[in-house]
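Enquirer:
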Amino acid sequence: MLHVAVASRAFRRYSTYRAATVAGVFTNSVFGVIYSFAYLALWKANPDAGGYDAVDAVTFVWLGQALLMTVALWGGGATDDLAERIRTGDVAIDLYRPVDLVGWYLASDLGRAAYHFLTRGLAPTVIGLLLFDIALPDSPAAALGFALSIPLAVVVSFAIRFLVASTAFWLLDASGPRILTGALAIFFSGMSLPLVLFPGWLGGLAEALPFSAMIQVPNDIWLGRHTGLDLVGALAFQAGWALALLLACRFVLALATRKLVVQGG
Amino acid sequence: MAETSTTSVTARLWHPVARYGDMVRLWVRAELSYPASFAMLVVGSMLINALDFAGIAIMFSSIDSLGGFGLREIALLYGATGVGIGIADTLIGSVERIGEFIRTGRLDQMLTKPVPLLVQVCSDRFTLRRLGRITQASVVMAWALPIVDWTPSRVLVALLMVVSSSALFFGLFVLFSCVQFWTSDASEFANAFTYGGNTLTQYPLTVFPRELAIALTVVLPIAFVNWYPCLYLLGRPDPFGFPEWLQFCSPLAAALVVAAALLVWRTGVRRYTSTGS
Amino acid sequence: MPLIDVSGLERTFVVRRRAGFMRRTRSEVRAVHDLTFSVETGEMVGYIGPNGAGKSTTIKMLTGILVPTAGSLRVAGLDPSRQRTELAQRIGVVFGQRTTLWWDLPLRDSFELLRKIYRIPDARYRENLDRFVELLDLGDQLDTPVRQLSLGQRMRGDITAALLHDPEILYLDEPTIGLDVVSKGRLREFLRALNAERSTTLLLTTHDLQDIEALCDRVIVIDHGTSVYDGSLAGLHAQGGSSRTLVVDLVDEGPPIDVPGARVKKVEGPRQWLSFPTEASAAPVVAAVAASYDVADLSIQEPDIEDVIRDLYSRGA
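Chains as they are written, first to last, in this note's numbering: chain A, 1 to 265; chain B, 1001 to 1277; chain C, 2001 to 2317.
1. Please report the residue range of the beta strand (DSSP E) in which residue 2033/C lies.
2. Using 8 Å as the Cβ pair cut-off and three pairs as the minimum, do the region 99-112 of chain A and the region 249-259 of chain A touch?
3. What does DSSP give as the partner residues of residue 2274/C in its beta bridges?
4. Residues of the region 1209-1228 of chain B with a CB closer than 7 Å to any CB of chain A: list them in chain order, please.
5. Classify residue 96/A: buried if its beta carbon has 16 or more other beta carbons within 10 angstroms, exposed otherwise.
6. Compute the distance between the beta-carbons of residue 2165/C and residue 2114/C, then report whether it is under 9 Å.
7. Using the C-alpha atoms, what's the distance from residue 2011/C back to residue 2068/C?
8. Give me whichever residues DSSP pairs with residue 2202/C in a beta bridge.
9. Would you verify that the beta carbon of residue 2301/C is, or is not, closer than 9 Å to some beta carbon of chain B?
10. Residues of chain B with a CB under 7 Å from the CB of residue 24/A: which are they?
11. Checking 9 Å against the spacing of the C-beta atoms, do residue 110/A and residue 155/A come in under that value?
12. In this structure, does DSSP put residue 2297/C in helix, strand or coil?
13. DSSP three-state label for residue 2008/C, please.
14. Count the other CB atoms within 10 Å of the CB of residue 2300/C; is the residue buried (16 or more) or exposed (fewer)?
15. From the beta carbon of residue 2141/C, is the nearest beta carbon of chain B less than 9 Å away?
16. Use the C-beta contact count for residue 2279/C: other C-beta atoms within 10 angstroms, 16 or more gives buried, fewer gives exposed.
17. Please confirm if residue 1041/B has its CB atom under 9 Å from at least one CB of chain C.
18. Helix, strand or coil: how does DSSP classify residue 1248/B here?
19. What distance in whole Å lies between the Cβ atoms of residue 1066/B and residue 1228/B, which are believed to be in contact at a cut-off of 8 Å?
20. Does the distance from the C-beta atom of residue 29/A to that of residue 65/A stay below 9 Å?
21. Sort out for me which residues DSSP pairs residue 2145/C with in a bridge.
22. For residue 2092/C, which residues does DSSP report across the bridge?
23. Where DSSP assigns a beta bridge to residue 1069/B, which residues make up the other side?
24. Exposed or buried, what is residue 179/A when buried is set at 16 or more other beta-carbons lying within 10 Å of its beta-carbon?
25. Between residue 1293/B and residue 1166/B, is the Cβ-Cβ spacing less than 9 Å?
26. Going by other Cβ atoms of all chains shown within 10 Å of its Cβ, with 16 needed for buried, is residue 1082/B buried or exposed?
27. Along the chain, where does the beta strand (DSSP E) containing residue 2229/C start, and where does it finish?
28. Based on the DSSP output, what are the partners of residue 2362/C in its beta bridges?
29. Check whether the Cβ atoms of residue 2093/C and residue 2170/C lie closer than 9 Å to each other.
30. Here's the rule I'm using: 16 or more other beta-carbon atoms within 10 Å means buried, otherwise exposed. How should residue 2221/C be labelled?
31. Once DSSP output is grouped into helix, strand and coil, what is the label at residue 1184/B?
32. Just curious, the alpha helix (DSSP H) that residue 2156/C is in, first and last residue?
33. Could you check what DSSP says for residue 2053/C in three-state terms: helix, strand or coil?
34. Just to confirm the assignment, what range does the beta strand (DSSP E) spanning residue 2074/C have?
35. Looking at the strands, I want to know which residues DSSP matches up with residue 2016/C.
36. In terms of residue numbering, what span does the alpha helix (DSSP H) encompassing residue 44/A cover?
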């Protein structure tokens, strides 16, 4: 119940920035248009590059724009608050509270993600649908799978951002790791180019990394490239990373707590 | 009499430029006072940019040409727009954050100093970290330079292209950041034009529909960042059949955008001082 | 001509409020209304009023950051909003708790930059810096990064920064907020010395009435955007109908004390509070009380200016 309250507070907090939301939707849409035309040219030159057709490719672009803010690919979200509280030392108070810090921030970030999905996710998708030929989910199973895979994508992304913010316990300033991780996330999630186009070992690596759970996997589920047992496997891949990374968050937090106790902050 | 007025005019023009330099120097020194953090941010910036071009290069593992252009030709376009936005991004300092400055009262502080506001905002938080982007774009561009059949006039157009694209992006940053004088939390709006413009010009204009190409020539002249001068450098006829003289018009387009930006900036500042919000 | 000349100054703001999902209401708020005052060179003026009274709106107009809606306004013979840059050269501004100093660099670097920004002649700059550093005891801090300075040191740094170019007017917005007693005292001493040495005109907004008592011969009280009092501090006490208080501790609890020239404000066990006019002498009251009652202890409380102003506000509203 507490976590629901935390999440809904985060949702409301973001919903107060209306002008920012409108500006963001506009920007997402502009980038969507640019990438759509670039991909159309690419698939015109090679009509089945990476096993996609042109409609798949354009759909991929707009899904990516919809998920970009939802999964906070560049960083940001609730974990920025954490980094700031570590920097100012306020986190010491949080650590002694009888609530689980990871769960608290996760709830808050899910609230934020819900807001971003409903605004900066849905609005550009509608614009993409109006301007381009976009594929709708392949089957009810694909639609359901997609709906399940988005929260998983957010959790994976959250856990990575939480770990990045936690570096502030040791570095004080987490902006370096934040930028580095953001760059890796953009590249290895499929945001800058679908991972299906990555050649050889690079493709294999990209698909195995947790970043792919943030964009590539949900998009492929929507496009119907995972069906049956494979669909379950794709969701399990996301859930596996989510679980492993959340455990890592717990572990890092325990280390940080011990450090604070030993060194007194 | 005539002489004193000339000196005062030169002094009036020189003062802001010199102060820009002074403030920039201080920000750089402040930045370098955290060497570890600085090093990490430079590496991060280089990584972001390297991965950015890697994305385009990987495309070419599936295709031989995009919109009729090969990888090296696209590298030329990429380098030119990258250097341009990199220089502009370095020069504009905190222009993208004026909405925040309005909210925190920082703008008021700046308004009580005898240096033009734009100069103060553009020198604010000047960071060498952004040189990472300029360096990476220069390397990509250098890799593409051998494909140009160099003549003295092409050298001149290439140099003018770099200056113009920097000025054009500078103008776009200022112009669209001014939106924040009206709605202070809409800073992201500018990204569509600045970073969006950069992304768009990484691809040959032939990728886009003809109507968009026209709009990017006459409405928002982003095509002059690199497209027209690069056509000249590559000796290619205009794929849309647009006039050849457009290939020499980048400096003019840049001047127009900068002029428009300065005008809107003045209007924005005036609005701020007359509404107080 | 006065250095600051404000007459019939008006400033309204348009406020848009969200009323429901997409609807917005538009209303006008008068932040400053029919404000008139003038300040001569060398005066030290306290500009006080409750939050939202229009203090900072006035300062913004005086510094040229905000254009008045109506009325006339001259500062140092200039029209602030039209000649903002020229005026900037002649005024110094310290805005509350927001530092203008370079956070990560030694204090000296910020001062050097200001030398260039204001084009201060080298000799003058060195002379001023030496003097302020001496008066404010900043010598050891000049080469310390600002982030390592204490709040008091930083405020002194900010004030030095605002004064290096010999401004004729110094605007101070809450200069002693958050400072400890020693720092406050030192700062006030410095401002007095500055005023005595250079006749720098001082306009001070503050919540700390000790600042006013220590520095200002003149107080302008603003409420709801308009001046409700302009005059000496002593006059403010009188105007507020202010009174001193005689605190009497009786040996035993008793009925309210009844003596001429004073009346009982409060009774708490054997302790009673008697108020009498500020301008009256305390002696007859004390004598009368001592003559008729068994007194254990007596003390006199000076009027609290805060009470006076609160009183003024409540009558204004």
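Idealized CB from N, CA, C, for every residue including glycine.
Expert: On the basis of the supplied data:
1. Locating residue 2033/C in the third sequence gives position 33, counting from the first residue. Secondary structure note for residue 2033/C: its beta strand (DSSP E) is the uninterrupted segment 2024-2039.
2. yes
3. Working through the third sequence from its first residue, we reach residue 2274/C at position 274. In DSSP, residue 2274/C forms a bridge with 2246/C, 2264/C.
4. none
5. To locate residue 96/A, count along the first sequence from 1; it is residue 96. Classification for residue 96/A: exposed.
6. The sequence position of residue 2165/C within the third sequence is 165, counting from 1. The sequence position of residue 2114/C within the third sequence is 114, counting from 1. In contact: residue 2165/C and residue 2114/C (Cβ atoms closer than 9 Å).
7. Walking along the third sequence from the start, residue 2068/C turns up at place 68. Walking along the third sequence from the start, residue 2011/C turns up at place 11. If you take the alpha carbons of residue 2068/C and residue 2011/C, they lie about 5 Å apart.
8. On the third sequence, residue 2202/C is found 202 positions in, with the first residue counted as 1. Answer is 2044/C, 2170/C, bridged to residue 2202/C.
9. Here residue 2301/C refers to the residue found at position 301 of the third sequence. Against chain B, the CB of residue 2301/C has no partner CB under 9 Å away; the residue lies outside that interface.
10. As a first step, residue 24/A is located in the first sequence; it is residue number 24 there, counting from the start. Residues of chain B passing the Cβ test: 1188.
11. Taking the first sequence and counting its residues from 1, one reaches residue 110/A at position 110. Taking the first sequence and counting its residues from 1, one reaches residue 155/A at position 155. Yes. Within cutoff.
12. As a position in the third sequence, residue 2297/C is number 297, starting the count at 1. Residue state, collapsed to three classes: strand.
13. Within the third sequence, numbered from 1, the residue matching residue 2008/C stands at position 8. Reduced to three states, the DSSP call for residue 2008/C is strand.
14. The count along the third sequence starts at 1 and reaches residue 2300/C at position 300. Label assigned to residue 2300/C: exposed.
15. The sequence position of residue 2141/C within the third sequence is 141, counting from 1. With a threshold of 9 Å between beta carbons, residue 2141/C makes no contact with chain B.
16. Along the third sequence, read from residue 1 onward, the residue named residue 2279/C stands at position 279. That one is exposed.
17. Taking the second sequence and counting its residues from 1, one reaches residue 1041/B at position 41. Output row for residue 1041/B: interface = no.
18. As a first step, residue 1248/B is located in the second sequence; it is residue number 248 there, counting from the start. Looking at residue 1248/B - three-state DSSP - the assignment turns out to be helix.
19. Counting from one through the second sequence, the residue named residue 1228/B turns up at place 228. Counting from one through the second sequence, the residue named residue 1066/B turns up at place 66. No, residue 1228/B and residue 1066/B are not in contact; Cβ-Cβ is about 19 Å, not under 8 Å.
20. Within the first sequence, the letter at position 29 stands for residue 29/A. Within the first sequence, the letter at position 65 stands for residue 65/A. Yes, the Cβ-Cβ distance between residue 29/A and residue 65/A is below 9 Å.
21. Position 145 of the third sequence, counted from the first residue, corresponds to residue 2145/C. Answer by DSSP bridge pairing, in chain order: 2106/C.
22. Locating residue 2092/C in the third sequence gives position 92, counting from the first residue. In DSSP, residue 2092/C forms a bridge with 2170/C.
23. Stepping through the second sequence from its first residue, residue 1069/B is reached at position 69. Paired residues: 1066/B.
24. The residue given as residue 179/A occupies position 179 in the first sequence. Buried, since its Cβ has 16 or more Cβ neighbours within 10 Å.
25. This structure gives no information on residue 1293/B, because the portion of chain B shown stretches from 1001 to 1277.
26. Your numbering for residue 1082/B matches position 82 in the second sequence. Residue 1082/B should be labelled buried.
27. Residue numbering aside, residue 2229/C sits at position 229 when the third sequence is read from its first letter. Run containing residue 2229/C: 2226-2232, per the beta strand (DSSP E) assignment.
28. The structure shown does not extend to residue 2362/C, since chain C is modelled only from 2001 to 2317, so the question has no answer here.
29. Position 93 of the third sequence holds residue 2093/C. Position 170 of the third sequence holds residue 2170/C. Yes, the pair counts as a contact, with Cβ atoms nearer than the cut-off.
30. On the third sequence, position 221 is the one that residue 2221/C refers to. Residue 2221/C should be labelled buried.
31. Residue mapping note: residue 1184/B aligns to position 184 of the second sequence, counting from 1. Note: residue 1184/B maps to coil in three-state DSSP.
32. On the third sequence, residue 2156/C is found 156 positions in, with the first residue counted as 1. Residues 2151-2163.
33. One-based indexing of the third sequence puts residue 2053/C at position 53. Residue state, collapsed to three classes: coil.
34. For the purposes of this step, residue 2074/C is taken as residue 74 along the third sequence, with counting starting at 1. Segment 2070-2075, the beta strand (DSSP E) holding residue 2074/C.
35. Taking the first residue of the third sequence as 1, we reach residue 2016/C at position 16. Partner(s): 2026/C.
36. Position 44 of the first sequence, counting from 1, holds the residue named residue 44/A. Looking at the DSSP string, the run of the alpha helix (DSSP H) that includes residue 44/A is 18-45.
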